[in-house]
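Comments concern the structure below.
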Amino acid sequence: MARWLPRSTDLTRFCQKLNRVKTLEDDMMETSFNRCLSTIDLTLLGIGGMVGSGLYVLTGTVAKEIAGPAVIVSFVIAGFASLLAALCYAEFGARVPKTGSAYMFTYVSVGEIWAFLIGWNVLLEYMIGGAAVARAWSGYLDSIFNHKIKNFTETHVGAWQVPFLAHYPDFLAAAILLVATAFISFGAKVSSWLNHVFSAISMGVILFILIMGFVLAQPKNWSTQEGGFAPYGLSGIMAGTATCFYAFVGFDVIAASSEEARNPQRAVPRAIAFSLGLATGAYILVSVVLTLMVPWHTLDPDSALADAFYRRGYAWAGFLVAAGSICAMNTVLLSNLFSLPRIVYAMAEDGLFFQVFSRVHPRTQVPVVGIVVFGLLMALLALVFDLEALVQFLSIGTLLAYTFVAASIIVLRFQQQKGDVPAPAASGQPNPEPCEGPSGGELKEYESFSDKLQLVDRDKSKEQREPGQLKAAFEPYLEFLSDFYPGEVVTVAVVTLMVSAVCLCSILVFGNTHLHLPTWSYSLLLVLFTLGFLLSLLLIWAHEQQHSTQTFQIPLVPLSPALSIILNIYLMLKLSYMTWLRFAVWLLLGLLVYFGYGIWHSKENLREPRPQRVSARYVVFPGGSLEERVQAVQPSSQPATGLSDTDTDDCKR
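Residue numbers (the working numbering): 260 to 912.
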């Protein structure tokens, strides 16, 4: 029975396979893509991904049903929360200018299986997001023509009465996706030019809305006679914030495009900052003019802006608003179709997904196979699925990606840079150097077979602490951490921080409603998990981190990423249980793909050295001085082997 159980060494090797990180090339600017995108191109891609139909629909919905005119405050808070995640993407995009976005960032810092699951979920998000926007685009255009397209389709094709399927096949939504797929396959420059056109029209319409809106503004619509500025109170503002947060999802298209940027170290952080700032400003200002034009409680949630102009006697303005809405949805479609094939390409290039998707067209220099295949899948989803059923899948994968990217920032910031040899962290022991001679005063290194003999005693006064080592000020109080290697304690602390955040948010979300905890246990659990979160944060901060002036770095690490982590987890737990159920099913499918294909074809798997037979190992134990002591350690399955007299004399010399 026992012989059928896996050995501990096999389990250790298996866990190491799951958590291996990606080896980056020395020249990260080398690519098979065409580096042709400027800062302006990336900025407009980001704006196109964020300022979509939400500007024309979401503002009215949140204002009427959730927050009132205080939707302005909701957008301010949501913009700040999005900024925390965006800054994490900006640092990674500058440091690792490779396509793949959250998948790539997780792979280089956390581990392979986590990166695959992030990439797998982002694929679903982009597919459903593109299909949902296409159906919204179709419905908006159809409403302009008094639903003639819908009536024609139901009359000549037929209607369905099947759960999760649309009432009729939406050929218009599928057609617009196929047309967009064709344009995207022509190359990054063509896609960028098309995005410029639609973004320019959309921003022109937004500018018109703002100018006309402030001309028609009536401050009395915020008065107490109309319900006041915040009729739903603080709870309404925070509920509106959770909804408004999803309006800013889309800036990760900039990180996904970093391998096609001319100067990603500068362009990616700037583009993310500019696009997020402009998008936040647009949402806030449009919310101001909308709630000042007409009383908030009379808004039409489906077409708030067009209806507001119509009621003020400017029916012709509704056509401009409709044109801006359609152009804005076109930019979101382009953003989804632009990002998705590049993430698939990154996974396929690493061997975790089917290799056919790693092919790049030699002339257009884009992953044309991924563009065509996933464009067709999006069109199929838009053709037969109901919009509401599609939207229920959204958000959870994006929030999970934000969480892992924030955690990856902490882990990577406290790791030694490439080329450093790890040494015990807080014991003041720097990296060993080759033997300099008996009187050189330098640390010596010896080799026997495949094992290195290292002398690890060194005067602490000469130390220079590496990233991941304990800060000197904390060493007298945390001396028990001196035996760990740089970054080990930080990694454990990050895991503890995330577990504490999950428990804390679970108590906040479910403590009074689903769990029905008594007041004393509710308060006690809140205090315990808050202390766990803060202590983990303090333990991370007590270690040295990398400081680089060459690329952008997010300020206030680890505080900023930690705030992003807890916010994302809180929003994930606010989603419905059906969303979590579908998410679990999709995760299981992803694990089948990974263990059936990815783990065996991973390029990191090919890089792993093959085990070799070792006849003897030699370990150097530190003494009280610089005098070495060498002891031979024999493997149990090998005959005893020791150092010859000559070898021993050589080591002592």
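Using N, Cα and C, we set each Cβ at its ideal position, and we do this for glycine too.
In this structure, how does DSSP classify residue i when only helix, strand and coil are distinguished?
i: A587; result: helix
i: R272; result: helix
i: F644; result: strand
i: L424; result: strand
i: K281; result: coil
i: G901; result: Residue confidence for G901 is low, a pLDDT of 45 falling below 50, so the modelled location carries little weight; the figure read from the coordinates is stated next. Looking at G901 - three-state DSSP - the assignment turns out to be coil, as it is neither helix nor strand.
i: E738; result: helix
i: L475; result: coil
i: T290; result: coil
i: T623; result: coil
i: Y744; result: coil
i: D401; result: helix
i: N827; result: helix
i: S267; result: helix
i: Y315; result: helix
i: T810; result: coil
i: Q675; result: coil
Kindly identify the DSSP beta-bridge partner or partners of residue i.
i: H802; result: L729
i: A520; result: L296
Can you find the residues in the same chain that come closer than 6 angstroms, C-beta to C-beta, to residue i, ignoring five residues on each side of it along the sequence?
i: S819; result: L343 and I813
i: R601; result: T358 and A515
i: F457; result: C586, N589 and T590
i: M637; result: M386, G389, A390 and L436
i: A498; result: I325
i: F568; result: A576 and G577
i: I372; result: L277
Taking its Cβ as the centre, do 16 or more other Cβ atoms sit within 10 Å of residue i, making it buried, or is it exposed?
i: N595; result: buried
i: M245; result: In this structure the chain extends from 260 to 912, so residue 245 is not present and cannot be described.
i: Y736; result: exposed
i: I443; result: buried
i: C586; result: buried
i: W396; result: buried
i: Q804; result: buried
i: G696; result: For G696, the predicted model reports a pLDDT of 42, less than 50, meaning its position is unreliable and no value from the coordinates is stated.
i: V786; result: exposed
i: A541; result: buried
i: K281; result: buried
i: N410; result: exposed
i: T440; result: buried
i: I496; result: buried
i: W379; result: buried
i: N827; result: buried
i: S482; result: exposed
i: T414; result: exposed
i: I655; result: buried
i: R672; result: buried
i: T268; result: exposed
Which whole-angstrom value is the C-beta distance of residue i and residue j, which I expect to be below 8 angstroms?
i: Q728; j: H802; result: 6 angstroms
i: A520; j: V512; result: Not confirmed; about 12 angstroms, so no contact.
i: M309; j: A538; result: 4 angstroms
i: G583; j: I460; result: 7 angstroms
i: V316; j: D561; result: 7 angstroms
i: L362; j: M757; result: Note that residue 362 is Tyr in the sequence shown here, rather than Leu. That pair is no contact at about 19 angstroms.
i: V603; j: F597; result: Incorrect: roughly 12 angstroms between the Cβ atoms, too far for contact.
i: I669; j: V753; result: 5 angstroms
Within the same chain, show all residues whose beta-carbon is closer than 8 angstroms to that of residue i, passing over the 5 residues directly before and after it, in chain order.
i: Q809; result: Q524
i: Y781; result: I766, G770 and N771
i: A581; result: Y399, I403 and A565
i: A322; result: P328, V330, S546, L549, T550, W555, L558 and A563
i: V768; result: Y829, L832 and K833
i: I408; result: S397, L400, D401 and L431
i: L776; result: I766, G770 and L784
i: A489; result: A326, G327, P328, A329, V332, G495 and I496
i: R866; result: T282
Keeping to the same chain, check which residues put their C-beta closer than 7 angstroms to that of residue i; ignore five residues upstream and five downstream.
i: L424; result: V643, F644 and D645
i: V416; result: Y427 and P428
i: W800; result: P817
i: L830; result: A501, F504 and L658
i: K448; result: C295
i: P926; result: In the structure displayed, the chain extends from 260 to 912; residue 926 sits before or after that span and is not available.
i: D300; result: S451
i: N454; result: L303, L304, G307, T590 and L593
i: L376; result: L846 and G849
i: Y491; result: I325, A326 and G327
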